[in-house]
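J.:
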Amino acid sequence: MSLFSELKRRSVIRVAAAYAVVAWLVLQIVDIVVDVAEAPAWVAKVILGLLIVGFFLSLILSWLFDVTPEGIRRDQGAGDQPAVRAARLDKLTIVAATAVVALLAWQMIRDSGRELDPVMSSADRQSISETTVESAPSQDASIAVLPFADLSPSQDQSYFSDGISEEIINALSSISSLGVASRTSSFAFRNQDEKSIPQIGAALRVRHVLEGSVRSVGDRIRITAQLVDANTDKQLWSQTYDKVLSAETVFAIQDEIAVAIVDALVNSIGLEASALEQLNTRADTEDLTAYQRFLRGRQRFRVRSVSNIPGTIDLFQQAVELDPEFARAWAGLAAVAVVAPSWGISDGEDYVALAERAARRAIELDDSLALPYAVLGNLQGDGVLPIRYAEDLGYLEQALEREPDNTTALLWRGITTIQVGKFEQAVVDLDRCRDLDPGYQNCVVWGGLARLYAGDYEGAMESYDLQAATRSSSQAQQFALAILHKEDELTALLALAWALESFDAPFNPDLVYRAFKDPEFDTAAEYAAFSEYRVELTGESPDVSAPGSLLPMMFRRYSELVPDQNNMYWWHPSFPELRQSPEFKRIIRDLGIYSYWQQAGFPPQCRAVGDDDFECDEVSSETS
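Per this note's numbering, the very first residue in the sequence shown carries number 6; after that it's consecutive.
Here you go:
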């Protein structure tokens with residue numbers, strides 16, 4: 006009997022076929038699970054290795070043993086093919102093949118509607134996904150830097166590979182004649198292997214795309230990079246750097262990549278050679294650990310939350326302790342410290358003082374940085390009234406003079422401008438911030454509030470929808486109150502429930518709804534009942550005067566409303582009676598807004614009355 010006939014008789018070929026189908030199915034399922042669970046890449050590699058070993062083992066076992074009606078027995082080397090084994094293998098192969106077809110169909114459906122990046126708004130995702138190579142013209146002198154892939158063995162160095170990509174973006178952005186896609190827009194294409202370079206270039210409206218990878222093992226680092234013409238899909242330049250890991254090495258490689266890109270663009274599209282003179286890379290620390298702490302802190306600051314702010318502060322503090330001359334680390338520490346009070350971080354540390362000290366140290370080390378000036382313009386959390394609006398806006402102006410596209414400075418200037426009632430000016434800054442960085446949710450949120458306060462309800466709700474799509478709850482109470490006054494009861498209750506749950510508010514949506522919608526709502530009796538309930542539940546009376554508290558609005562206790570620049574209920578169009586009350590004027594004066602108006606001019610909806618008074622219009626019900 007020939008070898009092939011013997012392999013067939015012993016079902017070795019059937020086993021190989023069945024095993025191959027089942028193994029492929031297992032690998033696809035593992036790939037999905039690893040992706041969802043964000044498990045390290047070595048998990049899939051280990052399973053692949055085990056499946057390969059199992060393949061050869063299954064062939065050996067199928068050669069040595071038979072499956073018979075009497076059970077498993079050693080093959081005697083003669084006789085017909087065991088029917089039991091053949092039938093079972095055929096059934097297994099059919100079932101596995103059916104599962105493979107179903108999985109392929111599911112993947113095709115999933116990929117056809119896959120979102121680009123969870124941090125981008127739904128509108129931005131749709132804009133990118135619908136863009137085609139034919140419909141998206143790009144400027145020749147333009148580039149997108151994709152996030153470099155993290156190829157470290159443990160897959161835990163994304164902050165480092167992202168940091169290198171971002172440093173290159175920052176360096177190239179210093180060239181005035183070169184259009185550089187924003188970090189968030191470029192980073193939306195992380196792990197988008199199904200997208201070709203021409204598709205990515207078309208979606209981002211750039212002519213060139215830089216991609217690469219970073220592998221850090223022990224004291225060695227390997228960085229690869231390649232520049233591709235997105236119009237032709239041809240590589241213009243590529244390089245691999247394999248060196249001893251140090252801060253000096255990393256900065257040198259970043260500089261070499263940036264210079265090589267400019268050289269390639271000079272040769273390929275005629276970019277002005279003077280662009281090299283504008284190229285600005287920052288080699289501002291020689292301490293690798295300090296640099297790594299800085300990159301981790303910067304990554305966490307972008308996605309800041311109540312839970313990660315203390316850790317982010319700690320990372321920046323470690324960086325400046327390791328290198329007291331590291332200006333950008335001082336600026337990062339200043340930025341996260343200045344926002345800590347607004348996130349409710351209260352552990353005894355004077356974060357406002359820390360922010361000012363760190364910002365001034367950063368300026369002392371490097372006066373060209375924009376961020377520390379922006380921090381000095383945002384030092385409102387010190388609790389000292391009146392706020393120095395003219396001084397704050399002056400610092401923010403200095404920040405934007407140094408870096409006109411600094412989104413943090415644009416955000417903070419927009420918020421400050423909202424506070425003083427100049428909503429149209431705020432919209433300009435906040436829209437610019439969003440255009441530069443579509444994933445910066447705070448710019449979306451505050452842009453919506455500026456429109457809401459100006460009476461543009463529809464525009465505000467567009468921002469709210471984008472915010473809700475990313476499950477961000479920032480300022481959700483403000484939007485929910487607008488919805489309460491404009492939409493049906495069910496919609497209002499759902500919006501209120503989400504907002505109140507997000508901030509662990511001490512009351513239910515129904516009470517809030519009745520407080521503002523029921524004409525027979527007895528504020529005195531309801532407050533007494535609510536106060537009694539809170540005492541029974543917590544042993545303490547409700548704190549009506551807490552910053553950001555909704556209680557003064559619900560129970561019309563406006564005299565207890567505390568000036569809080571992060572929750573500007575006095576500008577909210579849903580409370581016209583507050584706008585016309587003496588308490589509104591008290592708040593405007595206490596905050597220092599009236600003094601600022603006297604220096605810089607009144608907003609369109611307000612005007613001076615007499616020598617030392619003012620009045621402001623209600624927002625029109627037709628627009629609100």
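C-beta atoms are modelled at their ideal positions from N, C-alpha and C, and glycine is treated no differently.
Pull up the distance between the alpha-carbon of TYR246 and that of PRO609, whole angstroms please.
T.: Locating residue 246 in the sequence shown gives position 241, where the first residue counts as 1. Locating residue 609 in the sequence shown gives position 604, where the first residue counts as 1. Those two C-alpha atoms are separated by around 58 Å.
J.: Are the CB atoms of ALA252 and THR290 nearer to each other than 8 Å?
T.: Position 247 of the sequence shown, counted from the first residue, corresponds to residue 252. Position 285 of the sequence shown, counted from the first residue, corresponds to residue 290. It is a contact, given that the beta carbons lie within the stated cut-off.
J.: Counting pairs of Cβ atoms below 8 Å between the region 198 to 215 and the region 290 to 306, do you hit three or more?
T.: With a cut-off of 8 Å, the region 290 to 306 and the region 198 to 215 do not count as touching, because too few Cβ pairs lie within range.
J.: According to the Cβ coordinates, are ARG301 and TYR164 closer than 8 Å?
T.: For the purposes of this step, residue 301 is taken as the residue at position 296 of the sequence shown. For the purposes of this step, residue 164 is taken as the residue at position 159 of the sequence shown. For ARG301 and TYR164, yes; Cβs fall inside 8 Å.
J.: Buried or exposed: GLU361, going by 16 or more other Cβ atoms within 10 Å of its Cβ?
T.: Counting from 1 along the sequence shown, the entry for residue 361 is found at position 356. With 16 or more Cβ atoms within 10 Å of its Cβ, GLU361 is classed as buried.
J.: Which full runs of the alpha helix (DSSP H) of 4+ residues lie inside the region 412 to 438, going along the chain?
T.: Counting whole runs of 4 or more residues, the region 412 to 438 contains the alpha helix (DSSP H) stretches 412 to 424.
J.: Just to confirm my understanding: we take THR413, look at its own chain, exclude 5 residues before and 5 after, and list those with CB closer than 6 Å. What are they?
T.: Locating residue 413 in the sequence shown gives position 408, where the first residue counts as 1. Correct list, in chain order: ALA379.
J.: Assign LYS427 to buried or exposed, taking buried as 16 or more other Cβ atoms, counted over all protein chains shown, within 10 Å of its Cβ.
T.: Here residue 427 refers to the residue found at position 422 when the sequence shown is read from its first residue. Its Cβ being crowded by 16 or more others within 10 Å, LYS427 is buried.
J.: Taking 8 Å as the cut-off, decide whether the C-beta atoms of PHE484 and ALA500 are in contact.
T.: On the sequence shown, residue 484 is found 479 positions in, with the first residue counted as 1. On the sequence shown, residue 500 is found 495 positions in, with the first residue counted as 1. Yes, they are a contact pair.
J.: Between which two residues does the beta strand (DSSP E) carrying VAL150 extend?
T.: Against the sequence shown, residue 150 aligns to sequence position 145. Counting along the chain, the beta strand (DSSP E) containing VAL150 begins and ends at 144 to 150.
J.: Give the straight-line distance between the Cα atoms of ASP442 and LEU435, rounded to the nearest whole angstrom.
T.: Here residue 442 is taken as the residue at index 437 of the sequence shown, counted from 1. Here residue 435 is taken as the residue at index 430 of the sequence shown, counted from 1. If you take the alpha carbons of ASP442 and LEU435, they lie about 10 Å apart.
J.: Can you tell me which residues form a DSSP beta bridge with GLU216?
T.: Counted from its first residue, the sequence shown places residue 216 at position 211. For GLU216, which the question treats as bridged, DSSP gives the partners GLN231.
J.: Quick one: residues in its chain with C-beta nearer than 7 Å to the C-beta of PRO568, no 5 flanking neighbours on either side, listed in chain order?
T.: As a position in the sequence shown, residue 568 is number 563, starting the count at 1. The answer, listed in chain order, is LEU390, ILE592, ASP595 and LEU596.
J.: By Cβ distance, which residues of its chain are closer than 6 Å to GLU623, with the 5 residues on each side in sequence left out?
T.: In the sequence shown, counting from the first residue as 1, residue 623 sits at position 618. Contacts found: PRO581 and ARG584.
J.: Could you compute how far the alpha carbon of LEU270 sits from the alpha carbon of ALA146?
T.: For the purposes of this step, residue 270 is taken as residue 265 along the sequence shown, with counting starting at 1. For the purposes of this step, residue 146 is taken as residue 141 along the sequence shown, with counting starting at 1. LEU270 and ALA146: Cα-Cα distance of roughly 8 Å.
J.: Express the C-alpha separation of LEU505 and ARG612 in angstroms, rounding to a whole number.
T.: Here the question's residue 612 lines up with position 607 in the sequence shown. Here the question's residue 505 lines up with position 500 in the sequence shown. For ARG612 and LEU505, the distance between alpha carbons rounds to 36 Å.
J.: Since ARG612 sits in a beta bridge, which residues does DSSP pair it with?
T.: For the purposes of this step, residue 612 is taken as the residue at position 607 of the sequence shown. BP columns for ARG612 point to GLU620.
J.: Quick check on ALA154: does DSSP put it in helix, strand or coil?
T.: Taking the first residue of the sequence shown as 1, we reach residue 154 at position 149. In the structure shown, ALA154 sits in a strand (DSSP, three-state: E or B).
J.: What is the DSSP secondary structure of THR290, counted as helix, strand or coil?
T.: Counting from one through the sequence shown, the residue named residue 290 turns up at place 285. THR290: coil per DSSP, three-state reduction.
J.: Can you name the residues that DSSP bridges to ILE226?
T.: Residue 226 sits at position 221 when you count from the first residue of the sequence shown. Partner(s): SER221 and LYS248.
J.: VAL540: buried (16+ other C-beta within 10 angstroms of its C-beta) or exposed?
T.: Here residue 540 is taken as the residue at index 535 of the sequence shown, counted from 1. Classification for VAL540: exposed.
J.: Give me the residue from TYR445, ILE488 and ASN196 with the minimum Cα distance to SER477.
T.: Along the sequence shown, one-based indexing puts residue 477 at 472. For SER477, the nearest C-alpha among the options comes from TYR445.
J.: Might you give, ordered along the chain, the residues of its own chain that have their beta carbon closer than 6 Å to the beta carbon of PRO152, omitting 5 neighbours on each side?
T.: If you number the sequence shown from 1, residue 152 lands on position 147. Counting only Cβ-Cβ distances below 6 Å, and skipping sequence neighbours, we find ASP167, SER170, PHE192 and ARG195.
J.: Can you give me the Cβ contacts of GLY59 inside the same chain, cut-off strictly under 8 Å, excluding the 5 residues immediately before and after it?
T.: Here residue 59 refers to the residue found at position 54 when the sequence shown is read from its first residue. The residues are TYR24 and ALA28.
J.: Within the same chain, show all residues whose beta-carbon is closer than 7 Å to that of ALA367, passing over the 5 residues directly before and after it, in chain order.
T.: Taking the first residue of the sequence shown as position 1, residue 367 is located at position 362. Contacts found: ALA332, TRP335, ALA336, ALA339, LEU374 and PRO377.
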